[in-house]
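J.:
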Amino acid sequence: MTLVSIVTPSLNQSRYLREAIESVRAQTYAPIEHVVVDGGSTDGSLDILREYDDVKWVSEPDRGQSHALNKGLAIASGEILGWLNADDAYEPQAVAEGVAKLTDSGAGLVYADVTRVNDDGANPRRIRSRPTFDLWTELNLGCGIYSPSVFFTRAALDAVGPLDESLHLTMDYDFWLRIGERFPVVHVDAVWATQRLHDDAKSMRHYDDFWPERLAVSRRHGGRLLSPLLISRYVRSPNVRRVAVRAAAAAYALAGKRPR
Numbered sequence: 303m304t305l306v307s308i309v310t311p312s313l314n315q316s317r318y319l320r321e322a323i324e325s326v327r328a329q330t331y332a333p334i335e336h337v338v339v340d341g342g343s344t345d346g347s348l349d350i351l352r353e354y355d356d357v358k359w360v361s362e363p364d365r366g367q368s369h370a371l372n373k374g375l376a377i378a379s380g381e382i383l384g385w386l387n388a389d390d391a392y393e394p395q396a397v398a399e400g401v402a403k404l405t406d407s408g409a410g411l412v413y414a415d416v417t418r419v420n421d422d423g424a425n426p427r428r429i430r431s432r433p434t435f436d437l438w439t440e441l442n443l444g445c446g447i448y449s450p451s452v453f454f455t456r457a458a459l460d461a462v463g464p465l466d467e468s469l470h471l472t473m474d475y476d477f478w479l480r481i482g483e484r485f486p487v488v489h490v491d492a493v494w495a496t497q498r499l500h501d502d503a504k505s506m507r508h509y510d511d512f513w514p515e516r517l518a519v520s521r522r523h524g525g526r527l528l529s530p531l532l533i534s535r536y537v538r539s540p541n542v543r544r545v546a547v548r549a550a551a552a553a554y555a556l557a558g559k560r561p562r
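If you read the sequence shown in this note's numbering, its first letter stands for residue 303, the second for the next number, and so on.
Here it is in C-alpha cells:
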C-alpha cells in the first residue's frame, strides 16, 4: 500500500490539536505518516504531542505557516501528501477515497468538499468546492478548493517545488495553481474534512490583507487585471456597498417622481 503523509502546522492550537490528530488516527486507510510541525507553542500543545508515539513532530520557531508546511513536507516520506491544519479534522474515509481517486484518475491533485463549523463545532454546513477545475475559473473567480480536502502526489510536489514562503494567506491558492498548470486536478463529490471558523483563525484575523495577496497571486499566474475576482472584492467593500445603497435609493426616489 502507498504511504500517505499528512502534515499539520500548529502554533498554540491545543484546543483543537487532539481532534486533528485523532481524525488522522481514525482513518480507514493505512499506512499513514502524520507529521506535526509546531512553531514553539506555550499552551500545552507539546504535552498533547508527547502522548502520541505514532506522530512525528518537531517544535521550534518558524517563519510562519508556509515555512512550517515546507518543513513538514521535507520531513514527510509518503508518495501521497496532504495537509491538515491543527484546527481542522478529517472524515474517516478521506484518505482512502483520496488515494483511490489519485490512483484511478492519474491526477496530480484531488479535492473534495468540507463541512464548516463554528468554534464550538456547532452549525455544521456543507461547503461545496468548485465542481470542476479549470485554470481560467480559478484565476479569475478565486480559489474554489479548501485545503483540508486536498491530497496531492509526491510527483506533483517535486515538479512544482515547495510553497512560496513570501505568501502568508494564499500559499495554498498559489500551490494549487502551480500544480494545475502541470497536472490534472480532479474534484470528488464527497465531504473529506471539517473546517473550523473561529476568531483566532488567520484568515479571520487578517481578512483585509487576504484580498490583495489573493489578487497578486491571480495576476502572477495570468489572471485578468479586471477580473470578476477583483470586482467581487470591491463589491464586498463596506464603502462600495454604502455607495451602491445610496445610489439605488436615489434612483428609486427619482423613479417615484416620474410622471406616469
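Even glycine gets a Cβ: it sits at the ideal position worked out from N, Cα and C.
Is DSSP giving Y392 helix, strand or coil here?
T.: Of the three classes helix, strand and coil, the one that applies to Y392 here is strand, per DSSP.
J.: Where A328 and D436 are concerned, what is the direct C-alpha to C-alpha distance, given to the nearest angstrom?
T.: Cα-Cα distance, rounded: 33 angstroms.
J.: Taking DSSP as the reference, what is the three-state secondary structure of S505?
T.: For S505, the pLDDT reaches just 49, beneath the cut-off of 50, and the residue's location in the model is therefore unreliable, leaving the point undetermined.
J.: For S307, which residues in the same chain have their Cβ closer than 7 angstroms to its Cβ, ignoring the five residues on either side in sequence?
T.: Counting only Cβ-Cβ distances below 7 angstroms, and skipping sequence neighbours, we find E335, V337, A378, S379, G380 and L383.
J.: Measuring alpha carbon to alpha carbon, tell me which residue in I429, L348 and S431 is nearest R317.
T.: Residue L348 is the option with its Cα nearest to R317.
J.: On the DSSP bridge assignment, give the partners of D415 in chain order.
T.: D415 pairs with V493.
J.: If I follow the unbroken alpha helix (DSSP H) through S347, where does it start and stop?
T.: S347 to R352 is the span of the alpha helix (DSSP H), which, as asked, contains S347.
J.: Going by beta-carbon coordinates alone, are A458 and L386 separated by less than 9 angstroms?
T.: It is not a contact, given that the beta carbons lie outside the stated cut-off.
J.: Nearest to L594 by CA position, among C445, N425 and D390, is which residue?
T.: Absent from the model: residue 594. The displayed extent of the chain is 303 to 562, so no value can be given.
J.: If I follow the unbroken beta strand (DSSP E) through F454, where does it start and stop?
T.: F454 -> beta strand (DSSP E) spans V452 to T455.
J.: Count the other CB atoms within 10 Å of the CB of S407; is the residue buried (16 or more) or exposed (fewer)?
T.: It counts as exposed.
J.: If you check the beta carbons only, do T496 and V416 fall under 9 angstroms apart?
T.: Yes, they are a contact pair.
J.: Just checking my contact of A493 with R427 at CB under 8 angstroms: how many whole Å lie between their CB atoms?
T.: Checking the sequence shown, residue 493 turns out to be Val, not Ala. Not really, about 11 angstroms apart at Cβ, beyond 8 angstroms.
J.: Following the continuous beta strand (DSSP E) through L383, name the residue where it begins and the one where it ends.
T.: Counting along the chain, the beta strand (DSSP E) containing L383 begins and ends at I382 to W385.
J.: Determine the direct distance from the alpha carbon of R522 to that of V309, and round the result to whole angstroms.
T.: Distance between the alpha carbons of V309 and R522 is about 26 angstroms.
J.: On the criterion of 16 or more Cβ atoms from any shown chain inside 10 Å, does T330 qualify as buried, or is it exposed?
T.: T330 comes out exposed.
J.: Alpha carbon to alpha carbon, how far is V360 from T304?
T.: Answer to the nearest angstrom: the Cα atoms are 24 angstroms apart.
J.: Out of F512, L375, Y392 and P394, which has the shortest C-alpha to C-alpha gap to Y475?
T.: Of F512, L375, Y392 and P394, the residue nearest in Cα terms is F512.
J.: For the candidate residues N372, S520, D356 and E362, whose alpha-carbon lies nearest to that of D466?
T.: For the residues N372, S520, D356 and E362, the minimum Cα distance to D466 belongs to N372.
J.: Answer with buried or exposed for R498, where buried requires no fewer than 16 other C-beta atoms within 10 angstroms of its C-beta.
T.: Buried.
J.: Within its chain, find whatever has a CB closer than 8 angstroms to the CB of D491; leave out the 5 residues flanking it on each side and keep chain order.
T.: If we look at D491 and ignore the five residues flanking it on each side, its Cβ neighbours are A414, D415 and P433.
J.: Select from A461, L469, E353 and L441 the residue whose C-alpha is nearest the C-alpha of G565.
T.: Within the shown structure, residues of the chain are numbered from 303 to 562, placing residue 565 beyond reach of any answer.
J.: For the alpha helix (DSSP H) that K310 lies in, which residues bound it at each end?
T.: The residue you asked about is not Lys; residue 310 is Thr in the sequence shown. Element bounds for T310: not the alpha helix (DSSP H) but the beta strand (DSSP E), V306 to S312.
J.: Can you say whether L393 is buried or exposed, counting buried as having 16 or more other CB atoms within 10 angstroms of its CB?
T.: Just to set this straight, residue 393 is Glu in the shown sequence, not Leu. By the 10 Å Cβ count, E393 comes out buried.
J.: Apart from the five residues just before and just after G366, which ones in its own chain have a Cβ nearer than 6 angstroms to its Cβ?
T.: Around G366: H470.
J.: Taking DSSP as the reference, what is the three-state secondary structure of R432?
T.: Correct three-state label for R432: coil.
J.: Answer yes or no: the CB of D491 versus the heavy atoms of the ligand GTP, is any distance below 8 angstroms?
T.: Because no ligand of any kind appears in the structure shown, any question about the ligand GTP cannot be addressed here.
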